[in-house]
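Numbering (UniProt numbering) for the sequence shown: 1 to 429. Accompanying notes for the structure given below.
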Amino acid sequence: MRLTNVLNKVLDYKNIALANFTILVFVSFFGTSMPFRYERADFGSTNPVNQVVYSLLFLSSLILLIVKKEVVFDFIRKEKFLTIFILYAVLSAIWADYPVISFRRSFQLFTIYQVVLTSLILIDFHKQLKQIKIIITLYTIVSAVAIVVVPDAIDPAFGSPRGLTGQKNAFSQMFVLIFLLYLILNQFSMDNLNKLITLGGIIISAFFVLISLSTTGLMAVLYIIALMGIFKVDTIFKDLRIGRAFSLLLLTILISFALLFSLNSDFLEIVISQYFGKDLTFTGRTEKWEMMMYQISRHFWFGCGYDSFWDVPGNLVAFYDIGNTAHNGFIEIFNELGLFGFLMMISAFIAHFYRAVKANRIFNITALIAILLLNLTESALFRGRGALSFVLIWILLFNSLEYFRHKQKEKNSFFLFNKETLKNKAIEV
């Protein structure tokens, strides 16, 4: 008897996939270490709980992959771009300066990808949304209580909330993602009570981003609101056949204002310093980006290995001199995976944007651009663990799944139309 047949009979694979997905969502938001600390601060340190959790998730989702290998590999063959990028990140451990650290962290990234992939194929999408809603609502409540009751939930460096995270920017980033997820949940809510709950989540998460005093987080939320407004206008005027043109006009106006403000440096400096408490270097970020260009030039083609540049035993100088992050997700990927890895990532984003547009997935487009916007001044793009990696991979893979289904429907409709046309012609003859 074949192994897949035995596994099919012995295992309740749908419940295993649901359990994997639930655990992954939980550890992505709550983490596996104590709250109020930056998990990556200990150089080369290991988290035994983290290792056990991700190892078990990998093994159990690998079994599911074997059970449904035909469906899974058919999807991978069609999806291509994200899969190739993540596999390249894992392979980069071969030439990494710190191969063990690089492999360990890329293994976690691959595990997230594998769990999400098997979950999307095996579990009903609404069940996934239900698990996400429970966990992010719990996270929001616990964060709110911590901010009010626990002194450590306030960032000592800035005096603003950091919730369960290590610092205010991570707190802001977390609630931008929760804001996005509540928007998606609201869209799929079937009754008024759920719509009311998700609307409350949208308002609370936006409020938390506001009080975090994070410029990037606030700009991301404002962008999401503006883009959703433009898409709403597109829907309203669609029947008049001017929706798309009107939306493009609004986007052009927004981009024009952005260019105008960026060219007028005096005006921009006043706005940034008065309202966001920063200078035109974004608190030294631009200087750090210049320094990173030199690091990139040292390993331009292949990079220094996935996620193994900053928090490593031999790189204490980098930590004490300029911090432990490049504060830009794109620069981070370029430094770690080189030009080849960077181009693979860009190709994946272009492919998924195209698929989102073709499948008319407005929320996917909005979420992807918001995540990219977050990474202009923060380094959270395809990290080995964390909420952003989970949300990004989940949206990208769901987006591809929807696109392939949309494409199959169009193909079926085309064949049905041709079949009916040929039938009618035969009757006429």
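The beta carbon of each residue, even a glycine, is placed where N, CA and C say it ideally should be. It should be emphasised that the depicted structure is a prediction, and the values quoted were computed from it without experimental measurement.
If you draw a straight line from the alpha carbon of residue i to that of residue j, how long is it in whole angstroms?
| i | j | result |
| --- | --- | --- |
| S33 | Q173 | 18 Å |
| F398 | L120 | 7 Å |
| A206 | V176 | 7 Å |
| L180 | S92 | 32 Å |
| V53 | V233 | 45 Å |
| L185 | G31 | 22 Å |
| S379 | D307 | 11 Å |
| residue 430 | I154 | Only positions 1 to 429 of the chain appear in the structure, and residue 430 is not among them; the question remains open. |
| S160 | A220 | 18 Å |
| S102 | N192 | 47 Å |
| R104 | I86 | 13 Å |
Quick check on residue i: buried or exposed, where buried means 16 or more other Cβ atoms within 10 Å of its Cβ?
| i | result |
| --- | --- |
| D152 | exposed |
| M292 | buried |
| A157 | exposed |
| E79 | buried |
| N20 | buried |
| S389 | buried |
| Y403 | buried |
| L109 | buried |
| I350 | exposed |
| K69 | exposed |
| N360 | exposed |
| H352 | buried |
Which class does residue i belong to by DSSP, given the choice of helix, strand or coil?
| i | result |
| --- | --- |
| P35 | coil |
| I76 | helix |
| I132 | helix |
| I154 | strand |
| T281 | Unreliable placement is indicated for T281, whose pLDDT of 49 sits below 50; the coordinate value is still reported in the next sentence. Residue state, collapsed to three classes: coil. |
Please determine, among the options, the residue with the shortest C-alpha to C-alpha distance to residue i.
| i | options | result |
| --- | --- | --- |
| I94 | Y182, E336, W394 and I365 | E336 |
| F171 | L183, S189 and Y139 | Y139 |
| F29 | I134, Y98, W301 and L199 | I134 |
| residue 432 | L24, I350, F302 and M345 | With the chain represented from 1 up to 429, any question about residue 432 goes unanswered, as that position is not in the structure. |
| A356 | F334, R405, M345 and N375 | R405 |
| N15 | V209, R77 and T118 | T118 |
| W310 | F188, A96 and L199 | A96 |
| Y354 | I84, G341 and S400 | S400 |
| V142 | T325, P35 and I197 | P35 |
| F300 | F334, N328, F330 and Q187 | F334 |
| F342 | I362, L372, T286 and G303 | G303 |
| K130 | V209, M190 and L87 | M190 |
| P99 | T111, A326, G305 and R298 | G305 |
Inter-stretch contact at 8 Å, needing at least 3 Cβ pairs: the region 365-384 / the region 212-230: yes
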